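Quick note on numbering: the sequence shown equals residues 1 to 159 in UniProt numbering. Just below is one structure, and these are the notes that go with it.
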Amino acid sequence: MSSKTVRPGLKSDQQPEKSLDLRALRRTPGFMLRLAQLKFFEGFYEEFAALGLTPATYAIFAVIRDNPGVPPSSLASLLRLRLPNLIKILNELESSGFIKRNRSKADRRAVELMLTPKGAKLIAEGARLTEPYNEKMLAPLSASEQRTLLELLNRLLPL
């Protein structure tokens, strides 16, 4: 791939060639959302690297924190992860001492996920970085535009 080729994963300080006509892509919501996702993920890895959190593990910790006892199947569905892929991540988090799996008292066949004190401490540290990170990433938008963006995204992606 030549250095002149425009790639979706451009760093924020890189700009595509000025001569390219990108009007069609700028009117394509899926493409623009994908570029926004890449920008946010790149920023996330920079800001949260010291904690060892990825966007996926942050989401897993946050959901378990806010929903103690959530079953892995519900977590996989919510996060749009294949259950075998989630189980692999959960195995790593459990072996690192961040989460624990308990048998449900209501249904002994079911598994419930809980944070350990170590996991609760890690997500608390991550949560402290979240607001400054979001402020930095959304800085080009006014406070009103930021609220509107989140409202629109939540309407498009009801959870």
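Here a beta-carbon is modelled for each residue, glycine too, at the ideal position from N, C-alpha and C. Just so you know, these numbers come straight off a predicted model, no measurement behind them.
Nearest-angstrom beta carbon gap, G126 and F61 [assumed within contact, 8 Å]: 7 Å
Test item: CB-CB of F44 and P55 under 8 Å: yes
Alpha-carbon spacing of L149 relative to L20, whole angstroms: 27 Å
Backbone secondary structure at R103 - three-state DSSP: strand
Buried versus exposed call for G52 [16 or more other C-beta atoms within 10 Å across all chains shown]: exposed
Cβ contact (3+ pairs, closer than 8 Å) linking the region 65–82 and the region 135–143: no
Straight-line gap, K39 to Y133 (C-alpha atoms, nearest Å): 12 Å
Sequence-distant residues of its chain with Cβ nearer than 6 Å to K118 (five each side left out): G97, F98
From L90, N85, E46, A36, residue whose alpha carbon lies closest to that of residue 161: The shown model of the chain, from 1 to 159, leaves out residue 161, and the question about it has no answer.
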